[in-house]
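Chains as they are written, first to last, in the UniProt record's numbering: chain E, 1 to 208; chain S, 1 to 208; chain L, 1 to 208; chain H, 1 to 208; chain A, 1 to 208; chain B, 1 to 208.
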């Protein structure tokens, strides 16, 4: 009994010394450059480390016949500070995750079902294009334009992971056409013609 | 035509400026604290960014009824410097990935098939234990002891990702019993009795 | 004299201990994820820390009426490992630095001459657009699409700095149209029409 | 006098520009992934940079005949953000700091008194074992299982430093036996027999 | 119309996932080791990314005939977390930015006007000294003593950038002579004579 | 026996996956910004993790009555990549470690013997001065001017640790007076008078 008491007092002292194995995000408080403030460890439950939002296919009944379901720190607060986040991609036949970048992370994609043709373009403008089957993994380096497309005849799905709890996602068409960036500036900086820009702004809800 | 020439000369100048979007590992050269030296970009092919080693279940006909198939930088050199690596877990019924740590990375696990009971222990000795079904994701903070076990009746599998190209993997039983660490030191530092230590050393091929 | 000898022996001992205040790149050796290997300090000269390539305007007699002159680690090896690089922008009237990203760095721009209209688009597709005059500074967060344009009547110039020795530079039009990415994939992932894609591929030297 | 005024106004301007040489932790506020929030510099005293808790031996009258006295950020708030923390180890003859890891830091150990036998096990299960005398230093790489033991006849002591303000400390026996992790899961993931597990749970206050 | 609705709902979902492209500092809240807490993105304006304080020369009518105008995170909150900050140097003829260090950043200097003689000293006590003309860039590695001086006959100016939002600035003479560090300690640790120390303390407002 | 074979084959597979728990420096090969290239793990011995150079007092029979004995990566190659280094300070009565900085690391000092008066100056020119006795620890934030002095009557010694394998060491007097930095530039940038500068250059072996 004496031994237990001695040991537990040692345990207590050491536990006080051990902090921040993890830092589950308090999404209601201000962020910092390194992520969200932490919930106190005493309020963290085992279930906080589990995210169930990626188990079912996203709705692909839309213009891109595809869906991105994020499991970033905003959806899965336990990722805060751990340098990882997740998402699920679903692509109906002919579905496409349009050209996009993640400004803050590299990405690995694991094909769950179907066939996915994926590619990225380097700073040197070289194209790295591959068609993947289930179980194959592809890596996309940080910040480079990339896309995924289903050229097969059955639905495709993938589980993706990022090297940041908050990788960001900049979809090219939305960045160019779904806001109030003036048409003449889009034209001037992309060499697209004004008619094309205005048409896509119309489709995507942009103005200007 | 003139315009093309001008543009291409601009292109050329700028391409020279752009380096190291990626750094595919040259596994034959010495490592550095930040990873392997890079293959020259001109020798990098699209297929280098794809890893096909995780598409089929590992062999679970072994003492743990389970298999870990790594897709770390050693197997998938394009991961070098990108802060990510991958692996596949297969667990037959009653299979177990024994208690272990990754000294250099946090981990996210995505259940592909079956049911996986997973847990980790914090520095404060709290246990975070969950039983996961397909599509669920669990995160394991860096460096903490954790395990996965299949308590279901069908095979289980998971795709896991780490926050480092080279997360390390220290399996507790191998660290304690599969080397020449003297029995008396194992006994003295773990409070296990000598008979237990010697028995496990016997099973795992350890000496001392 | 004795004192000097003692001190110099101390000096010698301490100098041995001091390494890598800087790591001037050896551009002929393989890179690593953290940058180039270092030239030996004894071969480093004071002039290695100076770069003279940004003192004169770049040639703006081209299709974009603008020029980017990089002073990245490839041109200015002393930047290696110091987390900084530089460039000069020159824009004739109506000149434009087309929509682009730097996958590996944030950027600050200091206007030297003329007027520069600059903008970036966030992951949330919000537009941050400003017209700058000489002496003003604008910051562009890492990895986001941005551009600079001269809407004034006189030449404009800027000195820019990046938060990495090797920030990368991905110019949107070059990434989409100046390589062999198949037209149908460009169409499918950008929602541009095939005629537009083929026209721009023609101008920019792309194929496919 | 004029000169002083000019200089002091310069001084004032520049001092405003200089912040966060240090960030003494405010332990009462929420943590972030990068550490605690800072106390305002005006409230920081010279004595905040001194920690006096390691000057006397810890109490070794316990089951391990040893003591770990931490000087982590929780005890020594000035360490916050500086990438360092400290501790003192005391080992009576036959004392042992049991097998443990620091999930978030590497460690250097400087022997103050007596003889310390220390070892760590690598991911490749290799054992690195050494017996140290006063003045010797040993380094333990991040996240690997290690231990210290006094095989001499006199008390031993060491000053240790970690590469993080908050290295964490996971003691193997406490992680396995001093909490509610079910016996069958401990058995299943460690290959220890149930009797051994139950006995150690009994000694260490664990349940399940 | 249906398509727009589908797309916008996708857009909405994805925007929720994207956070912290930037983290404009809330200077009224406590700092953290990684910088200030962020203003909410909805309150961030395009003009927050522009700093106008460097457009006009600083007042050089002072003892050093020079001025440093900082554009650090304290003056330009959008820099928070982006790893960059800025300043302007103005040096009248014979003006000098006295010997100083930036404890937290490397620096690049771009000469705007005039001639600047700049130098730094390495840990090995080697001197790297250069005289720069407009358009030349010099880099100063982190933490090393350096200075700038105008040996020409016309005013000189430079735009400088640092590899941290908060580089710090420790001016040697102020550190030694403009505070209450006792004269005998200054003498003892610098080998200057007491008369020199007292004289400079007098000029710079120091005591002790 | 079968089980052992299965387990060992698993062990073999996993060991291949585990790399770079440590990266013992190969001092003969070129450095990188992240440190030295690694010796192959098979050539690393247990004794590589031990450094014996700090066990005996340095020779204090010199002008400063003090000695700094470094245990940086150059002396102790196992520190490479682990973010830590060490040194020993010895100060005879009236001994002084002169005013200096470590450009690349914070420092913790543990007093072994005697009394040490230590101080540092912040960017805001505030002085943090303390007199320490054996067992006390003081932390010195990265890059700031600091010093240690023995104002007691008995020898003093300290063990210090840095937050980098290669912290650098810039001793103020050596940087100013022990090289060929021209006297007029030293005078101009420090406000010391020429006679003082020339005298100290004479003592310390400087020229110019």
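Don't be surprised by glycine CBs; every beta carbon is placed ideally from N, CA and C.
Residue range of the alpha helix (DSSP H) that includes residue i
| i | result |
| --- | --- |
| residue 190/B | 183 to 190 |
| residue 177/S | 172 to 177 |
For residue i, the three-state DSSP class (helix, strand or coil)
| i | result |
| --- | --- |
| residue 43/A | helix |
| residue 73/E | coil |
| residue 113/A | strand |
| residue 196/A | helix |
| residue 207/L | coil |
| residue 78/E | helix |
| residue 201/H | helix |
Residue i, enclosing beta strand (DSSP E) - first and last residue
| i | result |
| --- | --- |
| residue 24/S | It is not in any beta strand (DSSP E) - residue 24/S carries neither H nor E in the DSSP assignment. |
| residue 34/E | First-last for residue 34/E: undefined, no H or E at that position. |
| residue 161/L | 156 to 162 |
| residue 64/L | That residue, residue 64/L, is in no beta strand (DSSP E); it is neither H nor E in DSSP. |
| residue 49/S | Segment: none, residue 49/S is in no beta strand (DSSP E) and carries neither H nor E. |
| residue 213/S | The structure shown does not extend to residue 213/S, since chain S spans only 1 to 208, so no value can be given for it. |
Min CB distance residue i to chain H below 8 Å
| i | result |
| --- | --- |
| residue 35/E | yes |
| residue 99/B | no |
| residue 41/B | yes |
Neighbour flag for residue i against chain E, beta carbons, 8 Å
| i | result |
| --- | --- |
| residue 32/A | yes |
| residue 141/S | yes |
Partner residues on chain B for residue i, Cβ-Cβ distance less than 8 Å
| i | result |
| --- | --- |
| residue 149/A | 185, 188 and 189 |
| residue 182/S | Here the premise fails: no neighbours, minimum Cβ distance about 13 Å. |
Interface flag, residue i vs chain S, CB-CB below 8 Å
| i | result |
| --- | --- |
| residue 48/B | no |
| residue 56/E | yes |
| residue 93/L | no |
| residue 59/H | no |
| residue 115/E | no |
Partner residues on chain E for residue i, Cβ-Cβ distance less than 7 Å
| i | result |
| --- | --- |
| residue 78/S | 139 |
Residue-chain proximity (residue i, chain L), Cβ-Cβ < 8 Å
| i | result |
| --- | --- |
| residue 27/E | no |
| residue 104/S | no |
| residue 3/A | In this predicted model, residue 3/A has a pLDDT of only 47, less than 50, meaning its place in the structure is not dependable enough to derive any value. |
Short CB-CB distance (under 8 Å) between residue i and chain A
| i | result |
| --- | --- |
| residue 132/E | no |
| residue 72/L | no |
Where residue i meets chain E, residues with beta-carbon distance less than 8 Å
| i | result |
| --- | --- |
| residue 119/L | 181 and 185 |
| residue 96/L | 188 and 189 |
Residue i: CB within 7 Å of a non-hydrogen atom of the ligand FAD
| i | result |
| --- | --- |
| residue 45/L | With respect to small molecules bound, the structure shown includes none, and the ligand FAD cannot be examined in it. |
8 Å Cβ cut-off: residues of chain L touching residue i
| i | result |
| --- | --- |
| residue 202/S | Going along chain L, no residue has its Cβ under 8 Å from residue 202/S, so there is no contact; the nearest lies around 42 Å. |
| residue 267/A | Nothing in the structure corresponds to residue 267/A, since chain A is present only between 1 and 208. |
Proximity test, Cβ basis, 8 Å: residue i and chain B
| i | result |
| --- | --- |
| residue 75/H | no |
| residue 135/H | yes |
| residue 161/H | yes |
Closer than 7 Å at the beta carbon, the chain L residues around residue i
| i | result |
| --- | --- |
| residue 81/S | 33 |
| residue 108/A | 84, 86 and 161 |
Beta-carbon neighbours of residue i, restricted to chain H and to distances below 8 Å
| i | result |
| --- | --- |
| residue 126/S | 179 |
Residues that residue i contacts on chain C, provided the C-beta gap is smaller than 8 Å
| i | result |
| --- | --- |
| residue 173/E | Of the protein chains in this structure, namely E, S, L, H, A and B, none is chain C. |
9 Å Cβ cut-off: residues of chain B touching residue i
| i | result |
| --- | --- |
| residue 69/A | Those within 9 Å of residue 69/A in chain B number zero; the least Cβ separation is about 17 Å. |
Contacts of residue i in chain S (Cβ-Cβ under 8 Å)
| i | result |
| --- | --- |
| residue 65/E | Near residue 65/E there are no residues of chain S at all, since even the closest Cβ is about 21 Å away, more than 8 Å. |
- Query: What beta strand (DSSP E) runs, 3 residues minimum, are completely inside the stretch 87 to 137 of chain H?
  - Reply: 96 to 101, 107 to 113, 116 to 121 and 127 to 132
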